[in-house]
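*Asks:* According to mature numbering (1 follows the signal peptide of the UniProt record, and there is no 0), the residues represented by the sequence shown are -18 to -1, 1 to 386, in order. Glycine included, C-beta positions come from ideal geometry on N, C-alpha and C.
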Amino acid sequence: MYILLSSLIVLLGTIVNGQTSEQPLELQPLVKSSNDLAINLLEHINLSPPDDANDVVKALFDEPKNVLLSPFGLMSSMVMLYQGANGKTSDEFAHILKLETLDKESLPKLLQEQYEQLRSTQGVKYRMANALVGKHEFTDAYKKLLEDYFQAKSYELSSLDMNDLNKMFADKTDNMIPQMLLQKPGDDTGLLLADGTSFDGNWKFPFYQEDSHVDVFFSNDDKQFNNVTFMRRFGRFGFTYSEDLEADLIEVPFENDLVAFYALLPRDPNDDLSDIRKNLNATYLEQLIARLSYRLDSTIELPLINMDYEETQLIKVLKNFGLNDALDEQTAQFGSMTDKSLKLTGLLYRSKLLLNENEQKRPENDENLSAAAPLFYNLNHPFYYFIRHKQTGQLLMLGELHSF
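1. Apart from the five residues just before and just after residue 276, which ones in its own chain have a Cβ nearer than 7 Å to its Cβ?
2. From what residue to what residue does the beta strand (DSSP E) around residue 116 run?
3. Give the C-beta separation of residue 274 and residue 258 to the nearest angstrom, bearing in mind that I take them to be a contact with Cβ-Cβ under 8 Å.
4. Whether or not the region 48 to 68 and the region 286 to 298 are in contact is what I'm after, with contact meaning three or more pairs of Cβ atoms, one per stretch, closer than 8 Å; do they touch?
5. Touch check for the region 37 to 44 and the region 307 to 323: three-plus C-beta pairs under 8 Å?
6. Hey, could you find the ends of the beta strand (DSSP E) residue 217 is sitting in?
7. Give the straight-line distance between the Cα atoms of residue 375 and residue 119, rounded to the nearest whole angstrom.
8. What does the Cβ neighbour count give for residue 356, buried or exposed, with the cut at 16 atoms within 10 Å?
9. Using beta-carbon positions only, say whether residue 244 and residue 132 come within less than 8 Å of one another.
10. Alpha carbon to alpha carbon, how far is residue 346 from residue 238?
11. Given residue 17, which residues of its chain have a CB within under 6 Å of its CB, disregarding the five upstream and five downstream residues?
12. Give me the Cβ distance between residue 383 and residue 365, rounded to the nearest whole Å; I'm assuming they're in contact under 8 Å.
13. What would DSSP say about residue 281, mapped onto helix, strand or coil?
14. Considering residue 98, what are the terminal residues of the alpha helix (DSSP H) in which it resides?
15. List the residues that DSSP assigns as beta-bridge partners of residue 233.
16. Once you ignore the five residues that flank residue 328 on each side, which residues in its own chain have a CB closer than 6 Å to its CB?
17. Applying the 10 Å Cβ sphere with the 16-neighbour rule, what's the burial state of residue 134?
18. Is residue 55 near residue 177, with beta carbons less than 8 Å apart?
19. Express the C-alpha separation of residue 147 and residue 163 in angstroms, rounding to a whole number.
20. Identify which residue in 182, 143, 142 has its Cα closest to the Cα of residue 107.
21. Looking at the unbroken alpha helix (DSSP H) that takes in residue 26, where does it start and where does it end?
22. What does a CB cutoff of less than 8 Å around residue 97 pick up in its chain, not counting 5 residues either side in sequence?
23. Report yes if the C-beta distance between residue 363 and residue 103 is below 8 Å; otherwise report no.
24. Taking residue 47 and residue 180 to be in contact with their CB atoms under 8 Å, please state how far apart those CB atoms are, rounded to whole angstroms.
25. Going straight from the alpha carbon of residue 283 to that of residue 235, what length do you get?
26. Starting from residue 370, trace the beta strand (DSSP E) both ways and give me its first and last residue.
27. Just tell me which of 203, 197, 152, 137 has its CA closest to the CA of residue 172.
28. Using the C-alpha atoms, what's the distance from residue 240 back to residue 192?
29. Excluding the 5 residues preceding and the 5 following residue 315 in the sequence, name in chain order all residues of the same chain whose CB lies nearer than 8 Å to its CB.
30. Using DSSP with H/G/I as helix, E/B as strand and the rest coil, what is residue 150?
31. Cβ of residue 228 within 8 Å of Cβ of residue 249?
32. Using a Cβ-Cβ cut-off of 6 Å (strictly less than) and excluding sequence neighbours within five positions of residue 196, which residues of its own chain qualify?
33. For residue 136, write down the residues that DSSP places opposite it in a beta bridge.
34. Are residue 337 and residue 287 closer than 8 Å when you measure CB to CB?
35. Name the residue from 267, 262, 169, 123 whose alpha carbon lies nearest to the alpha carbon of residue 65.
36. For the alpha helix (DSSP H) containing residue 74, name the first residue and the last one.
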């Protein structure tokens, strides 16, 4: 009897903690590199003070902000630069992007094939567009490379048509990024990279408009955001708990179950996500996902997300990663894109994320009204999130939500 009871307790504990015996997905090298790149960028965008920092040191750091990055989109745009680089500049890009072991010449086709797979995935709408603006004309071969493999177009600064550039981004993102550049780059521009990505999707288990309600989102330092609309859904979602991160991982699939939204929700509502962003990497994420359990029903409350994100400090972050030669005209080697000296002077990134009820209304025969669930996840305080292609493990979007 004691053995039976003990076994039952262990079994229940395993279920509640979401332990499973699934093997983690082994990521392809390019997927792993792109996922790790974005995870590392996010850690440096929302830079946290050292664990032993006193109040004076902590005051020198900015409060964490909302961030929305596209790991695949960023890798694609950075590989554009890598393909145009030579010598030590090329070596720096290979090191920063963790692509040393991959054949450089094969990357454009690999990325093109992967983008076509992601772009054509049913149930979601993931779009990407890139542009390069240079003070010198690009070679015909490099222009063709951008158009054929990178959803990109090149522009010479002196003849730049802003309407044409912005229309290109609007067309390639289905108008989710209608205006990439708000003003024409200055005359001091050497080489400007503009990267835009967008995501929208339909849920596998619809969130109905009738169940949405207005509530409070609690941020750090006792800040509150009123009048935030939360979606609500009862169902059997994937979940597990990470003792290392002291956070729950919840999986919410999109239509056809090929792509899913994941949230890392700290148990402590005052958590600023610093421990999560410091300890994550692509391999650890896959280990967590392999532990997801689908054995219990749960209720999820998720805020509507309509986020337009702009990041202009990526060059500063990449410099911390070791990018130096590309930023100095005396040392930059971009001979595969132009026959004149050129340095990277700007990197503008924009992204758009739309998560809502998709105008879904409850069918008359729907019985999933207000069932009681043993688990309840209320995403009403800061959380770390990512959107993942389940077959490949490629992260489409990655970010943090701290405010509205």
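*Replies:* Reading off the structure:
1. 218, 220
2. 106 to 116
3. Residue 274 to residue 258, Cβ: 17 Å. No contact.
4. yes
5. No: fewer than three Cβ pairs fall under 8 Å.
6. Start and end: 206 to 217.
7. 38 Å
8. exposed
9. no
10. 23 Å
11. 53, 264, 377
12. 6 Å
13. strand
14. 89 to 101
15. Answer by DSSP bridge pairing, in chain order: 220, 244.
16. Same-chain partners within the cutoff: 174.
17. buried
18. yes
19. Residue 163 and residue 147 have their C-alpha atoms roughly 8 Å apart.
20. Minimum Cα distance to residue 107 is reached at 182.
21. 11 to 27
22. 54, 58, 110, 133
23. The beta carbons of residue 363 and residue 103 sit no closer together than 8 Å.
24. That belief does not hold up - the Cβ atoms of residue 47 and residue 180 are roughly 20 Å apart, past 8 Å.
25. 14 Å
26. 365 to 371
27. 137
28. The alpha-carbon of residue 192 is positioned some 27 Å away from that of residue 240.
29. 67, 68, 69, 70, 71, 72, 307
30. helix
31. yes
32. 209, 211
33. 114
34. yes
35. 123
36. 69 to 79
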